[in-house]
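If you read the protein sequences in the order shown, they are chains V and D.
Heads up, the first sequence is in our numbering, so the first residue is 239 and it goes up one at a time.
Heads up, the second sequence is in our numbering, so the first residue is 239 and it goes up one at a time.
C-beta: ideal position from N, C-alpha, C; glycine also.
Reading through the structure tokens given below for one structure.
There are 2 protein chains.
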Amino acid sequence: MVVTPSPLTLKLRHSGYLDEDDGAALDALCARPRMVEAGIDVVREGDPPGPVHLIDDGFACRYKTLPDGQRQILGLLLPGDFCDLQSSTLRTLDHSIATLTPCAIVELPQKTVDELTLAPTRIARAFWWGALVDESIQREWLANIGQRPAAKRLAHLFQEVLLRLHRVGRADAHACECPFTLSDMSEMLGLTAVHVSRVLRELREARLITLSQRRLDLPNPDRLRAFCDFDARYLHLSGGDAGELRWGADGPDGTGRSRRHFVDP
Amino acid sequence: MVVTPSPLTLKLRHSGYLDEDDGAALDALCARPRMVEAGIDVVREGDPPGPVHLIDDGFACRYKTLPDGQRQILGLLLPGDFCDLQSSTLRTLDHSIATLTPCAIVELPQKTVDELTLAPTRIARAFWWGALVDESIQREWLANIGQRPAAKRLAHLFQEVLLRLHRVGRADAHACECPFTLSDMSEMLGLTAVHVSRVLRELREARLITLSQRRLDLPNPDRLRAFCDFDARYLHLSGGDAGELRWGADGPDGTGRSRRHFVDP
DNA sequence: CGTACTTTTGAAGTGCCTCAACGGTAGTGG
DNA sequence: CCACTACCGTTGAGGCACTTCAAAAGTACG
């Protein structure tokens, strides 16, 4: 009987640190997930460290709420993503995590996680690789919100979602599930829901995307990529099995004003 | 002879994972830093992994340049901060690092770093703690840029700089060095330099800050903190020796719309 | 078949940007 | 010592991207 690997395994294969047995061990971890409905806090800012959570299916997010009630979504959690791998080291969560759709969530006891992460194993290396990719995505979000106008911000988000779902086998070449509300997207991008609605119309009219019935389609990936200068390197996808999709930048950036480089003597 | 500990040691003491000997070992690493002038790229996007860099003195930053030449500063690197601890695991740098002022930079060979980080030691734990705090700061920057208006953004940045310098012994209770140009600050905050200049005037006129001759003074920390809802928990400073400065929020946020919590059965 | 939540569209306001000019300061070389 | 250059900070005027407020149509659910 052939079993499809868990999203966690599919994602961590991109790290290059896993072998076949590791994949099987990770799949075993993901047996028996728990179903959680949409709009539920999985962990809350300030909670004491408990079991570690892993999204096996569905869409969730990290977020912070400011005192005036505004919410900023700090990142998306898709199948194969850990919610709070780091909680035990930091000892206190500095943000919350909520489901955006119904989710299948795996809970791992701290003890299991410590055994996997503290020993110098291939799996530990792959876990840290995953955490570092998450950090890289954070940085790209900062640049996205800080520098791009609304339409490009949205376009950039859609490309990321498609690629991240693709790497865990949940998307085909240019279409995927996309169940976000306008409010969700506005909180990810630092915009208002009203403005997201208008910008979405622009993107549709420009034939860059179609989005309806929770389904996203990017009919012309090259044009969309050029439109928002999407450069997929920040996702650190392995070059190995990426033959089907070509998402890299056309070349290194050549326009920046030159800054001298510090080279070893 | 009494030697003041290195910024790295002072910072990692907040983790709670170090003992006295560990501190001495870290201080030894920081001997013989290298002097680098202002405006130099320490590492560049796409560079192959080389030695790991650590700021021992001065101000530097992570940044990304978009194809149209705009630069987003992704984070500040202050004394005690690692520039690229993660480069070997990810295998390719997804952003660049540049000095903002003349800096003293320590270079550590990959081999040394691997020995320190891959083994299950107290120092390895403290290093990861440091990386996770950096990640937490990233998230706060995202919320800052995404949700706050310009004046609060700037005020928030100043508080962070003061506290981060304070934790490595480079600031007193409410004043510190602050050598940023308007352009630097605009690139950190997703604003233009012109607008930063105007907002800075507002903050001065409101007697919330004084900033001149590269010196920042926050004469009324409580008012400033209230002004921009600064909540220092994201810096994960140890509660232990923080008696001198009280920067926490007045209480957990109570204004957010309620979201149900997912509790273990 | 109501109730609650989305999405859409309009009209008006504003925070921030762009363009432009000018003053201050530091470093350089005559 | 004074020119000259380069960069940084300040201020003004005008414009645009995005927000706010408001109303109505579409959609999901018990």
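Any C-beta of chain D sitting closer than 8 Å to the C-beta of residue 497(V)?
-> So yes, residue 497(V) belongs to the interface.
Between the CA atoms of residue 379(V) and residue 404(V) - distance to the nearest angstrom | Looking at the two C-alpha atoms, the distance is approximately 19 Å.
With burial defined as no fewer than 16 other Cβ atoms inside 10 Å of the residue's Cβ, what is the status of residue 402(V): buried or exposed?
-> Counting Cβ neighbours within 10 Å, residue 402(V) comes out buried, since at least 16 surround it.
Have a look at 274(V), 295(V) and 284(V) and flag the residue whose alpha-carbon is nearest the alpha-carbon of residue 407(V).
-> When C-alpha distances from residue 407(V) are compared across 274(V), 295(V) and 284(V), the shortest belongs to 295(V).
Could you check which residue in 335(D), 247(D), 258(D) and 328(D) has the C-alpha nearest to that of residue 499(V)?
-> Out of 335(D), 247(D), 258(D) and 328(D), 335(D) has the C-alpha closest to the C-alpha of residue 499(V).
Going by alpha carbons, who is nearest to residue 278(D) out of 343(D), 254(D) and 258(D)?
-> Among 343(D), 254(D) and 258(D), the Cα nearest to that of residue 278(D) is on 343(D).
What is the DSSP secondary structure of residue 275(D), reduced to helix, strand or coil?
-> Residue state, collapsed to three classes: coil.
Reducing DSSP to helix, strand and coil, say where residue 253(V) ends up.
-> Reduced to three states, the DSSP call for residue 253(V) is coil.
What's the C-alpha gap between residue 356(V) and residue 338(D)?
-> Straight across, the Cα-Cα distance linking residue 356(V) with residue 338(D) is about 36 Å.
Are there three or more Cβ pairs, one per stretch, closer than 8 Å when the region 350 to 365 of chain V is compared with the region 320 to 331 of chain V?
-> Judged by Cβ distances under 8 Å, the region 350 to 365 of chain V makes contact with the region 320 to 331 of chain V, as three or more pairs qualify.
Answer with yes or no whether the minimum CB distance from residue 327(D) to chain V is below 8 Å.
-> Contact with chain V is found for residue 327(D), since one of that chain's Cβ atoms lies less than 8 Å from the residue's Cβ.
Whether residue 291(D) touches residue 345(D) by CB criterion (8 Å) | Yes, they are a contact pair.
Could you tell me which chain V residues have their CB closer than 9 Å to the CB of residue 278(D), listed as they occur along the chain?
-> Near residue 278(D) (Cβ distances below 9 Å), the residues of chain V are 497, 498, 499 and 500.
Within its chain, find whatever has a CB closer than 6 Å to the CB of residue 351(V); leave out the 5 residues flanking it on each side and keep chain order.
-> Result list for residue 351(V): 290, in chain order.
Check distances from the C-beta atoms of the region 444 to 457 of chain V to those of chain D and list, in chain order, the residues that come in under 7 Å.
-> For the region 444 to 457 of chain V, the beta-carbon criterion of a distance under 7 Å to any beta-carbon of chain D is satisfied by none of its residues.
Taking Cβ-Cβ distances shorter than 7 Å, what residues in chain V pair up with residue 348(D)?
-> Within 7 Å Cβ-Cβ: nothing; residue 348(D) doesn't reach chain V, min ~13 Å.
Between the Cα of residue 306(D) and the Cα atoms of 457(V), 471(V) and 385(V), which residue gives the shortest distance?
-> Taking only the C-alpha atoms, the option nearest residue 306(D) is 385(V).
With 16 other Cβ atoms within 10 Å as the buried cut-off, status of residue 251(D) | In the assembly as shown, residue 251(D) is a buried residue. Its beta-carbon has 16 or more other beta-carbons within 10 Å.
Three or more C-beta pairs below 8 Å linking the region 310 to 317 of chain V and the region 256 to 270 of chain V = Between the region 310 to 317 of chain V and the region 256 to 270 of chain V, the count of C-beta pairs closer than 8 Å stays below three; the two stretches do not touch.
is_contact[residue 433(D), chain V] using C-beta, thresh 8 Å | Residue 433(D) does not count as touching chain V.
Rounded separation between residue 428(V) and residue 443(V) - CA only = Taking C-alpha positions only, residue 428(V) is separated from residue 443(V) by approximately 23 Å.
Please check if any C-beta of chain D sits within less than 8 Å of the C-beta of residue 244(V).
-> Residue 244(V) does not count as touching chain D.
Using beta-carbon positions only, say whether residue 438(D) and residue 392(D) come within less than 8 Å of one another.
-> Between residue 438(D) and residue 392(D), the gap from beta carbon to beta carbon is short of 8 Å.
Any idea what DSSP makes of residue 282(D), helix, strand or coil?
-> Coil, per DSSP.
Measure from the C-beta of residue 459(V) to each C-beta in chain D and report whether the shortest distance is under 8 Å.
-> Between residue 459(V) and chain D, the shortest Cβ-Cβ separation is not below 8 Å.
CB contact flag (residue 446(D), residue 462(D), <8 Å) | Against a cut-off of 8 Å, the Cβ pair of residue 462(D) and residue 446(D) comes out as a contact.
Can you give the Cα-Cα distance for residue 377(D) and residue 413(V), rounded to whole angstroms?
-> Taking the straight line joining both Cα atoms gives about 29 Å.
Where the region 402 to 429 of chain V meets chain D: residues whose CB sits under 7 Å from a CB there | Against chain D - using a Cβ distance shorter than 7 Å - the residues of the region 402 to 429 of chain V are 428.
CA-CA distance, residue 242(V) and residue 476(V)?
-> Cα to Cα, the separation comes out at about 19 Å.
Check whether the Cβ atoms of residue 341(V) and residue 375(V) sit closer than 8 Å, and answer yes or no.
-> With a cutoff of 8 Å on beta-carbon distance, residue 341(V) and residue 375(V) are scored as not near each other.
Limits of the unbroken alpha helix (DSSP H) element including residue 326(D) = Where residue 326(D) is concerned, the enclosing alpha helix (DSSP H) stretches over 325 to 328.
Taking only beta-carbon positions, decide if residue 294(V) is within less than 8 Å of chain D.
-> Judged by the 8 Å Cβ criterion, residue 294(V) is not in contact with chain D.
C-beta neighbour in chain V for residue 381(D), strict 8 Å | So yes, residue 381(D) belongs to the interface.
Distance between beta carbons of residue 354(V) and residue 361(V), contact taken as under 8 Å | Contact between residue 361(V) and residue 354(V) is confirmed by a C-beta separation of about 5 Å, below the 8 Å threshold.
In the DSSP assignment, find the unbroken beta strand (DSSP E) run with residue 291(V) in it and report its ends.
-> Counting along the chain, the beta strand (DSSP E) containing residue 291(V) begins and ends at 290 to 295.
Would you list the one or two residues that DSSP bridges to residue 337(D)?
-> Secondary-structure assignment with DSSP links residue 337(D) through a beta bridge to 298(D).
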